[in-house]
Amino acid sequence: MYLRYTTRKKDGKVHRSWRLVRSVRIGRRVVQQTVTHPGELDEAGRLRARALARALIGQPEHADLFDDGTHEQAVAVRLKGVRVENGRQFGQVYLALALWRACRLEQLAAGHLPAGKEEVPWEKMAAVLVAARLCEPSSELHIAEDWYRRTALRDLLQLNDALVNKDRLYRALDQWLPHKAALEAHLSRQVCDFTFAFNHVRTIRVGFLPNSRLLPAIAVIAICCDRRASVRVPARYSRV
Numbered sequence: 002m003y004l005r006y007t008t009r010k011k012d013g014k015v016h017r018s019w020r021l022v023r024s025v026r027i028g029r030r031v032v033q034q035t036v037t038h039p040g041e042l043d044e045a046g047r048l049r050a051r052a053l054a055r056a057l058i059g060q061p062e063h064a065d066l067f068d069d070g071t072h073e074q075a076v077a078v079r080l081k082g083v084r085v086e087n088g089r090q091f092g093q094v095y096l097a098l099a100l101w102r103a104c105r106l107e108q109l110a111a112g113h114l115p116a117g118k119e120e121v122p123w124e125k126m127a128a129v130l131v132a133a134r135l136c137e138p139s140s141e142l143h144i145a146e147d148w149y150r151r152t153a154l155r156d157l158l159q160l161n162d163a164l165v166n167k168d169r170l171y172r173a174l175d176q177w178l179p180h181k182a183a184l185e186a187h188l189s190r191q192v193c194d195f196t197f198a199f200n201h202v203r204t205i206r207v208g209f210l211p212n213s214r215l216l217p218a219i220a221v222i223a224i225c226c227d228r229r230a231s232v233r234v235p236a237r238y239s240r241v
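Structure below.
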């Protein structure tokens with residue numbers, strides 16, 4: 002036994018009338034014979050009708066091994082109205098965070114960038130910078146206003162888009178710069194099966210020097226395959 006329905010329009014609305022039918026052979030033909038006509042049914046009513054059909058033919062309902070007591074419900078979906086919105090890049094940033102944590106840079110950041118009165122922990126901003134340099138190297142302005150909003154870091158780091166801005170990214174780089182030696186020592190101790198490098202590029206203004214000019218402060222994070230390999234992180238390059 003199974004359920005079948007017929008549709009009809011009335012007062013501009015589409016109505017579905019359900020029937021519980023069974024297949025009956027008459028000579029060489031197989032026809033559907035109506036057992037009962039329950040009329041319009043919602044999802045719960047259809048579940049009850051199927052249970053009635055199983056009871057009539059003597060086929061008990063078998064519970065699953067880990068049955069939680071709920072029943073699957075079918076929902077009609079208008080496929081033409083289905084669309085994807087606000088898609089986010091996931092694979093690259095997920096791998097970047099996995100490498101960040103596998104190399105214990107998260108613990109290093111938490112240990113050297115203690116929590117204060119800032120709204121967003123500095124280690125989270127450092128993770129954003131690392132993922133951005135690895136996936137799509139660009140300026141802090143581009144990271145904050147474009148790249149970050151196209152990735153799934155908002156969900157992976159539990160960090161709202163509005164909290165990631167260029168000023169906060171700049172301050173995160175400033176927080177990292179005094180810990181250059183600790184970063185070098187930490188990276189030199191890491192033994193990995195891969196090598197990657199990316200630059201933290203930050204333009205700062207030195208206000209107390211005569212004829213001060215913009216100086217780029219570049220921190221290069223490199224994971225080396227060999228313990229004998231040295232990691233050098235220059236604080237700045239020549240003046241622009």
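Quick note: the sequence shown uses the working numbering, first residue 2, plus one each step.
Cβ atoms here follow ideal geometry from the backbone N, Cα and C, with glycine treated the same way.
For residue i, three-class secondary structure by DSSP
i      : result
Val129 : helix
Arg150 : helix
Ser139 : coil
Val121 : coil
Pro39  : strand
Arg84  : coil
Gln159 : coil
Val94  : helix
Leu114 : coil
Arg79  : coil
Arg89  : coil
Arg9   : strand
Arg47  : helix
Arg190 : helix
Nearest candidate by alpha-carbon position, reference residue i, set the options
i      : options                           : result
Val15  : Ala111, Glu41 and Ala128          : Glu41
Val22  : Arg5, Ala163 and Val31            : Arg5
His143 : Arg102, Leu106, Ala128 and Val165 : Val165
Trp101 : Glu119, Leu130, His180 and Arg84  : Leu130
Trp177 : Leu106, Ser24 and Asn161          : Leu106
Arg155 : Pro179, Tyr171, Ala128 and Lys181 : Ala128
Tyr171 : Ala183, Ala145 and Gly112         : Ala145
Gly1   : Gly46, Asp147, Arg29 and Ala183   : As shown, the chain starts at 2 and ends at 241. That puts residue 1 outside it, with no answer to give.
Spatial distance of residue i from residue j (CA atoms)
i      : j      : result
Glu44  : Val78  : 14 Å
Leu158 : Lys125 : 7 Å
Gln90  : Ala153 : 6 Å
Val121 : Trp19  : 57 Å
Trp123 : Arg190 : 23 Å
Arg26  : Asn87  : 54 Å
Arg9   : Arg17  : 7 Å
Gly117 : Ser139 : 28 Å
Lys11  : Arg84  : 30 Å
Ala133 : Glu141 : 9 Å
Same chain only: Cβ atoms within 7 Å of residue i, ignoring 5 sequence neighbours per side
i      : result
Cys136 : Gln93, Val94 and Ala97
Ser24  : Val31 and Gln33
Assigned exposure category for residue i - 16 Cβ within 10 Å defines buried
i      : result
Leu188 : buried
Arg151 : exposed
Leu80  : exposed
Gln34  : exposed
Ala99  : exposed
Ala103 : exposed
Ala173 : buried
Cβ neighbours of residue i in the same chain (closer than 6 Å, five flanking residues each side left out)
i     : result
Thr37 : Leu21
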